[in-house]
Every structure is written in C-alpha cells, then in structure tokens.
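Numbering (this note's numbering), first residue to last: 156 to 851.
See the structure below:
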C-alpha cells in the first residue's frame, strides 16, 4: 500500500486533530499571533473593546443593554476562535504527517570504514559508531539487513533496498555506484548484498530531517500571491475602518440636527466593521495555504515551500521526459516482421519459445503478443527438456536449447555474427528491415532458429493509455506540453503526434534543456519539469517548478524545489493540478467573502440608523425582527460561515480542467452569486430563531 494512502487515513475532523486544534485555537489568542493576520487582528481588537464595553455597562452606565453587548462580544470572540481553529486544523494535519515521518527516524549503528581512501568492500576494516556521529564525507559499509544510517552516495557495490518506509511502495529498488541511481536515504533498509556509501550530509541535514521541516505547515512562509491578496484584504479593511469611524460623528450630528433618534453605539459600529471587512477569506487564508502543502504531501510529494506549491498552480509550460512519463518506459513488442519464406505465425512461435524464460518487460511482451496475435499458449518446457540461455552483456543475446534445436534472439549485430559463425547467410531483406525499424526509433530483435534467420520482433515505446486526454485537459487550461527526448527528430515527431503534446525537443542535451527553459521564461512563462539525474540538475535549478525523483541523485534532489517520493515522472501532472486547485480555492473563497457583504448592508445599516432616518426601514428587505436582532444575526452569520467553509478550505475546490475565462465565469456564478444569496437566507433564518427564542 502506498504511503499516500496511509497518510490519507486522517479524516477532516479526526478526533486526533480536532481536540488539539481546539486547544491551539485558544493558544493563538496572543496579540503577536493575531497580528500576523491583519484582518482578523481588527476582529480581535473589536472583541476586546466590546468586552470592555460590556463590563462598563454591567458595572456603570453603558452605551447599550449589557446583554446585547455581551452577545456581540461573545460572537466576535467566536469569529476569532473559528479562524484560529481553521488554521490550527490545517496545521494539525501537516504536523500529523510530520510526526509520521519523524517516527521513521531511529537511532542506528553504522559501520564506519577506518580507511575511506582504500579499495573498500566486505573485507574492509570498520568500527561501530552512532549514525548521529557521522559527518559529511565519512564512508560506511552497509550489509544486508542493515538500516541505512544517513543520506549518502553509493561508491561501491550493488544491492536491493527497501524504501517502503519513505515511499510506501513495497517493491525493493536497486542502488549501485555510478549512474543516476546511486543515492540512498537514511531510514531505508538494505535487503541483499552490500554497499559502500559516502555520507553526503551533516547531522540535521538529512533528507528525512528536511522533509519533516518542509511538512511543518506552521513554519511555512507566505507566498507572493498570498502576500498580494493579504495586501488587498488589508486595503479593504482600512477603507471600511475609515468609513466606520466617520459614521459616529455623522450619527451624532444627525441626531443633534434632527433632535430625535439615538446615536449609533460603538458596539454597533464594531459589529458593522467586522461584518463588512473580508473576515471570511481573512480567517481561512492561512488554512488554505497550509492545506495546499498538506495535499501535496498526501500525493507523496514534498514541497520545499508554499511558494513551490503556488508556482505549480501558475505553470503554463510543462517539460516532460518521454520515457516513463509519456511512454511506458520499457519497450514493448509491437510487430513481428518475418524473413522471406517465413510466416508471421512461425516467427511468433519461435520468438515466444526464446522468450519464455525472459523475465524482462520486453521478453514478457513478446510472449503476450504471440498469444494475442496467434493464440500461441505456453508450452510444457519441462517435458521438452529445454535449457534456457540467459542474456549476457558479452553475447548480447538469449534463447533456449531444445535438444539439438538452438533458438536465439538478440541484437542484429550479435545475431549476424552468430549465424555467420554457423556458416549461414544473413538475408539482405532482414538487414533492410533492421535499418527501417531503427530509423523509426524502435529496437529490432532478430530471431534465429538453428542458424536460420526467422525475422525481427519490433520493440517500440508504447504511449501510456489516457495520456493524450490528460494533455488535452492541460491544453484547455492554457498549459503547453513539451516532450523532451534523446531520440532522433523522426521518432520524436511520431511519438509526439501519438501522445498529443504541443511541441517536442529531440536529441536533447542538458544544455538544450536549460536553453529551452530560459527561452520560455524570457517570454514570461512559468515552466515545470521533472528529472532524476545529475545531468538534469542545471535545468531543475532553472525551472520554476522542479520535481526531483527520490530515486535520483543527490544533485537532482538539491536542485529541485519538490521531491516525489514515489519517483513517478507522471506525478508532475498531479502536482500542477494540486497547485491550481489551491489557487482556485483561494479565488473562490475570496469571491464568496467579498460577495457576502451585500446582504450585510441590508441587515446592519438600516438597523444602525433607522431611529435617526426612518426612511432606511425600506432597506430592511429581509424584514428582520428588530434592529438588535438584525445586528446580532449578521454577526452570528459572519462567525458561522467560517466554520461552514473550513471543509472547503482544507479539501479545496474540486479541480476542473478549464480555461481561466471559463473558471472565472464559474466562480462568479457559484461563489459570487452564492455569496450574495447565502447570507440573505442565513441571516433571515438566524433572525427567526432569535425572535422565536426571545433572545433579542
């Protein structure tokens, strides 16, 4: 079972999160904490002022009935607490994920080699040390059954490693010196053979430590878009604050001039201010950002910051490796091309015999293709006394011996030498077919039966099912997809057309990738890409969203701003969707919050000034029971709507692959119009309940 499934077990209001979040809601009532959110800080100050006004009314001459002031004060405090609760709940989910990662850390003993410069191996001399004592540059020996003590690079040996503690995937992976699969992560376990590893980090800098720090949502910094939205919310708050402040002298002047009516009270002004400023989005803004990082973690992706998640939402160019992302990665048998005088079925029969013991994806695909095309089933090889010949790098071919019958398959060069050694000709037609297949970018496997060339099995990259539809969805969103491959232009063009990408880069070198990214960025585009090798590091460092594979090199992981624990190149598509979902959620709730104010105008303003200006009673279109009930209902709705929207803030608005214009229309229709209608209904229902209970 994958780790993202395991981490998803925490429900939205899990008791393990609910209780601590309530406690944290009160702990966040300190002025320093509240000051980080300017909108809610205004509500916080208003809560304190109304509380003081309540005590003044209780023990002296107050500006209004103590019960009314107390009710307003209590619901203002609830508004602050509900906003704190939303943030604490989001942080709690991230902290729970961090704790699950922290549980993977364990005190282990390491076999530190005494002579790191000599040729290492199982016979090397070592001394036991604690993993916490290891420093960057130290060399350790790790044998079967040992836990990898700390992050490092394999410099000798090859072994299978269980990384399920990190990735959640049960299948072991191979780690070996050299190449792009030499990185090992602390906390994983070596299952077979041995490795000599050079430590690549100092204590506290290990990948697991960095993951825990990244996941701690409470430590995240605000992203540029979030800062911009906060500035907008602060500006709106200041505008409404200035308007509200001017209403008190205006009310006093109006009452004095008209010589009747009652001046507006400070309690009502505070209630008006709190209801008019964008408290809904102000209270949920932080929770949305923390939840975005949490959703990324549930997808088994570690983002180095909220900025990286947000950048994923702004991406409009995706650079995708062909192999493993657009195609299946392992080439599959697609066609049997028989030699002259040989039928396709005869070739399929012999090719299947040669592949029955071949456990590679290519070998299995030949067996399957023969079954599908000619219904050729597996034979009882034991009864035939077959002897299988495994593939070796020296012979570059494999096969089976059945008595005196020798069947082989392999590269054209190897099989050409093989049939030549048997004194048999290599047909010119087959040689031409080999060249044709190679020019198409496919791999030709020549099949020989007792020295007779039977023909070719064409292995080709298979485009993943459904990938074309995914690219079409991205195109609707205005995202350009670019395939990167080392294949020649002819092969790249054919696969690009089949996959439905918008463009491709063939015969790509690290320099070409870097140049392409810079070219798009110079046009103001946001670029995302994936990579796992050291040669990908420059491009990853340049890309706006750089997803490094956990199975890749340390250089790639350090260059990226995200790490995919599953090492799945197609995860880039999901990452972009999560980023866009976060931006969509923020936009939807901002629209809803601002639209909310309209109903409150019709509730509080008539209630506040109706005694001075009776004509304002015409604005009481909801026919609220009384001025006090109208004000109370608006304040209560303002608090409760935050609670109602917490699930949406944490789960996010449902992702839809639509363009920006269509998304804007949808948001205005659902959250804009909904934000106008919902408060009218909610305030009226609360007013009816208050009147029925004689609370106002």
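Backbone N, C-alpha and C define an ideal beta-carbon position, used for all residues, glycine too.
Buried or exposed (CB count within 10 angstroms, at least 16 for buried), residue i
{"i": "residue 836", "result": "exposed"}
{"i": "residue 163", "result": "Model confidence at residue 163 stands at a pLDDT of 42, short of 50, so the residue's coordinates are unreliable and nothing is read from them."}
{"i": "residue 824", "result": "exposed"}
{"i": "residue 732", "result": "buried"}
{"i": "residue 613", "result": "buried"}
{"i": "residue 652", "result": "exposed"}
{"i": "residue 716", "result": "buried"}
{"i": "residue 590", "result": "exposed"}
{"i": "residue 432", "result": "buried"}
{"i": "residue 242", "result": "buried"}
{"i": "residue 543", "result": "exposed"}
{"i": "residue 555", "result": "buried"}
{"i": "residue 678", "result": "exposed"}
{"i": "residue 672", "result": "buried"}
{"i": "residue 394", "result": "exposed"}
{"i": "residue 171", "result": "exposed"}
{"i": "residue 568", "result": "exposed"}
{"i": "residue 182", "result": "exposed"}
Sub-8 Å separation of residue i and residue j beta-carbons
{"i": "residue 759", "j": "residue 426", "result": "yes"}
{"i": "residue 700", "j": "residue 446", "result": "no"}
{"i": "residue 661", "j": "residue 643", "result": "yes"}
{"i": "residue 737", "j": "residue 443", "result": "yes"}
{"i": "residue 299", "j": "residue 346", "result": "yes"}
{"i": "residue 455", "j": "residue 719", "result": "yes"}
{"i": "residue 511", "j": "residue 522", "result": "yes"}
{"i": "residue 751", "j": "residue 791", "result": "no"}
{"i": "residue 597", "j": "residue 615", "result": "yes"}
{"i": "residue 650", "j": "residue 481", "result": "yes"}
{"i": "residue 351", "j": "residue 308", "result": "no"}
{"i": "residue 762", "j": "residue 826", "result": "no"}
{"i": "residue 745", "j": "residue 851", "result": "no"}
{"i": "residue 566", "j": "residue 587", "result": "no"}
{"i": "residue 734", "j": "residue 316", "result": "no"}
{"i": "residue 798", "j": "residue 237", "result": "yes"}
{"i": "residue 818", "j": "residue 704", "result": "no"}
Nonlocal neighbours in the same chain, by C-beta distance under 7 Å from residue i, ignoring five residues either side
{"i": "residue 205", "result": "224, 227, 228, 231, 422, 425"}
{"i": "residue 582", "result": "494, 495, 608"}
{"i": "residue 571", "result": "581"}
{"i": "residue 696", "result": "714"}
Own chain partners of residue i with C-beta closer than 8 Å, once the 5 adjacent residues on each side are dropped
{"i": "residue 628", "result": "812"}
{"i": "residue 665", "result": "690, 691, 693, 694"}
{"i": "residue 279", "result": "268, 269, 270, 273, 296, 351"}
Rounded straight-line distance, which links the Cα of residue j to that of residue i
{"i": "residue 270", "j": "residue 313", "result": "20 Å"}
{"i": "residue 343", "j": "residue 174", "result": "33 Å"}
{"i": "residue 667", "j": "residue 694", "result": "9 Å"}
{"i": "residue 195", "j": "residue 189", "result": "7 Å"}
{"i": "residue 638", "j": "residue 685", "result": "11 Å"}
{"i": "residue 838", "j": "residue 618", "result": "55 Å"}
{"i": "residue 635", "j": "residue 594", "result": "28 Å"}
{"i": "residue 786", "j": "residue 380", "result": "34 Å"}
{"i": "residue 578", "j": "residue 515", "result": "31 Å"}
{"i": "residue 413", "j": "residue 771", "result": "15 Å"}
{"i": "residue 375", "j": "residue 654", "result": "With a pLDDT of 49 at residue 375, under the threshold of 50, the modelled position of that residue is not reliable, and the figure given next carries that caveat. Taking the straight line joining both Cα atoms gives about 38 Å."}
{"i": "residue 518", "j": "residue 656", "result": "29 Å"}
{"i": "residue 557", "j": "residue 545", "result": "14 Å"}
{"i": "residue 415", "j": "residue 407", "result": "11 Å"}
{"i": "residue 532", "j": "residue 526", "result": "6 Å"}
{"i": "residue 632", "j": "residue 284", "result": "54 Å"}
{"i": "residue 203", "j": "residue 755", "result": "22 Å"}
{"i": "residue 419", "j": "residue 764", "result": "7 Å"}
{"i": "residue 682", "j": "residue 468", "result": "11 Å"}
{"i": "residue 235", "j": "residue 816", "result": "35 Å"}
{"i": "residue 332", "j": "residue 805", "result": "43 Å"}
Sequence-distant residues of its chain with Cβ nearer than 6 Å to residue i (five each side left out)
{"i": "residue 604", "result": "505, 562"}
{"i": "residue 263", "result": "286, 302, 304"}
{"i": "residue 788", "result": "838, 841, 842"}
{"i": "residue 409", "result": "767"}
{"i": "residue 213", "result": "221"}
{"i": "residue 753", "result": "831"}
{"i": "residue 266", "result": "281, 295, 296"}
Proximity test, Cβ basis, 8 Å: residue i and chain D
{"i": "residue 473", "result": "Reference to chain D is not applicable here, since this structure consists of a single protein chain."}
Worksheet item: Is the segment 379–390 touching the segment 399–406, taking contact as three or more C-beta pairs under 8 Å?
Response: Between the segment 379–390 and the segment 399–406, the count of C-beta pairs closer than 8 Å stays below three; the two stretches do not touch.
Worksheet item: Taking contact to mean at least 3 C-beta pairs separated by less than 8 Å, is the segment 473–487 in contact with the segment 721–730?
Response: Proximity of the segment 473–487 to the segment 721–730 meets the contact definition, three or more beta-carbon pairs being nearer than 8 Å.
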